[in-house]
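The number in this note's numbering is simply the position in the sequence shown, starting from 1, with 81 added. From the three backbone atoms N, C-alpha and C, an ideal C-beta is built for every residue, glycine too. Contents: one structure, followed by commentary.
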Amino acid sequence: MVINQVVENLNNSSFKLSEKKELTEIFRKISKYESKEDVLRLLGIVCCKAIVGPAYFHLDISNSCNLKCLYCWFHSKDAADRYYSEEWKKKKIELRKFKELVDDLDELSTELIFFSGAGEPLTHPDVIEMARYVKNKDIHLQIFTNAVLLNKDYSKKLVDMGLEELYCSISASNSKTYEELHPFSGKNIFKKIEDNISFLSSYKKQKNKSLPRIIIIEVINKLNYRETMDMLEWANNVGANEIRFQLMHNIKLKNIMLSEKEKTEFNDILKKVKEKANDYNINIQNNINVQIKSFEPKSGNWEANFYKDKGCFVGWYFSRYWVSDGISFCCAHKIIDSLEDKRFKDIWLSENYNKMRVIARDCGLKENFVMRDGNLLLDEECEHGGNYDLNRSIYEKLKKYGLLRFIR
Ligand SMILES: C[S@@+](CC[C@H](N)C(=O)[O-])C[C@H]1O[C@@H](n2cnc3c(N)ncnc32)[C@H](O)[C@@H]1O
Ligand code: SF4
């Protein structure tokens, strides 16, 4: 019973007796609506420690990539966010290390793993074996890919193993725009990608399977926002189930980030796209609403002040592995520890990690934390973090259940 764990953790906390009683009743109520793991994550926020593993884990399996997207933080020829050496770009996780990490995540009750990161997952020669390893543990799996290497063999294996979601990053509706945004990709790549995704869709139909859901990612910028409606048509033609629009953020490419006027234009087109998407039964993910509302064209930031005003709670729900550096607090370079000589479960449950969680939760008002890689835990990266929708949803839960007053 989760309530026994609640009582035990509250008994070991420094809350006053009356607060412990009040919190027990609140958590009794929460346990009717939330999974056992989510009850323990919310309890962890209140008790300043991790009790259960991250719900979501961002697992980089390969730093190498077969494209050089114009805007990519890692592989863009001229606009990468820092210098990445050729050696760094070749790094891939070893199968043994991967299995150890997934074993730990399984033991800690992680619900979802996604292969994405600083490179292209399909360039890892063991990607199918790795995906199968996750699926055999019954953990929900998502793979982010540029779909160039999504050949028929891979498609069949991914469908057959029950992969839940395949995110395909495209950012264009025709080969001209594709080539502009993906220089050096070659002439016929757009057509190849179209054929690859279409094959996967048809194989799903042939096997009478609804999974994996195919989600097209469109990174929106000055060069492609006018073709948003065509992106929907293209997504429908290749048999996609969803579209995730995300605004491009790259401070070195300010010239192609949307201006205020273009953002408004994009929003007007998006409203029509959403209506049409209903007819096609294609879901448009909600993340874009928050981005449009809070995107500041000058800085390229969104939700810039959310963590300063409300706090950052992702330390209980999310973690990332960078192939090159180790375990990170969030999507950004916030390295906590290396996996070279430690297990993930020991890092996740460590006092050090708990300290960072609480500093971020408390908006960094009293102190900040210098990470292993020299970056600060709370810095300007938090002003356009990748976890904006997750953080907001955790905050809303804390508010709904009346827990905010116990952490402030
Ligand atoms: C870095 S990629 C790695 C996975 C895979 N190679 C891919 O492209 O899907 C992860 C995601 O980041 C997105 N991305 C890269 N640079 C971006 C930027 N400057 N702004 C917004 N999204 C970006 C990509 O489009 C992709 O959806
Ligand atoms: S495919 Fe992904 S990792 Fe490769 S350059 Fe493009 S965004 Fe970056």
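- Membership of Thr226 in the beta strand (DSSP E) is indicated by the continuous run His221 to Thr226.
- Your pair Leu124 and Asn90 checks out as a contact, with CB atoms roughly 6 Å apart and the cut at 8 Å.
- Among the bridge pairs identified by DSSP, His139 is matched with Phe195 and Arg401.
- If you check the C-beta of Glu201 against ligand 2, you find a heavy atom less than 7 Å away.
- When the beta-carbon positions are compared, Ile111 and Tyr482 come within less than 8 Å of each other.
- When secondary structure is reduced to three states using DSSP, Asn367 falls in the coil class, being assigned neither helix nor strand.
- Under the three-state reduction of DSSP output, Ile324 falls in the strand class.
- If you draw a straight line from the Cα of Tyr284 to the Cα of Ser250, it is about 20 Å long.
- Ile301 has Leu328 as its beta-bridge partners, per DSSP.
- Taken in chain order, the whole alpha helix (DSSP H) runs of length 4 or more contained in the segment 265-292 are 270-287.
- Burial check for Thr204: the Cβ neighbour count within 10 Å reaches 16 or more, so the residue is buried.
- If you keep only unbroken alpha helix (DSSP H) runs of at least 4 residues inside the segment 333-387, you get 341-361 and 368-375.
- Annotated three-state conformation of Ile428 is helix, per DSSP.
- Assignment of Asp241 by DSSP, reduced to helix, strand and coil, places it in the helix class.
- Placement of the Cβ of Lys149 at a distance of less than 7 Å from at least one heavy atom of ligand 2 is found.
- Phe108 and Lys101 have their C-alpha atoms some 10 Å from each other.
- Under the DSSP assignment, Gly125 falls in the alpha helix (DSSP H) whose first and last residues are Lys117 to Cys128.
- Take Thr105, set aside five residues on each side of it, and the residues of its chain with a beta-carbon closer than 7 Å to its own are Val87, Val88 and Leu91, in chain order.
- Glu167 counts as exposed, since fewer than 16 other C-beta atoms from the protein chains shown sit within 10 angstroms of its C-beta.
- In the three-state reduction of the DSSP assignment, Val451 falls in the strand class.
- Contact check between the segment 261-279 and the segment 231-249: three or more CB pairs, one atom from each, fall below 8 Å, which counts as touching.
- Between ligand 1 and the CB of Cys412, the shortest heavy atom gap is not smaller than 7 Å.
- In the DSSP assignment, Asp418 forms a beta bridge with Ile408.
- CA-CA distance, Phe138 to Tyr248, rounds to 16 Å.
- Look at Glu246 here: in three-state DSSP terms it is strand.
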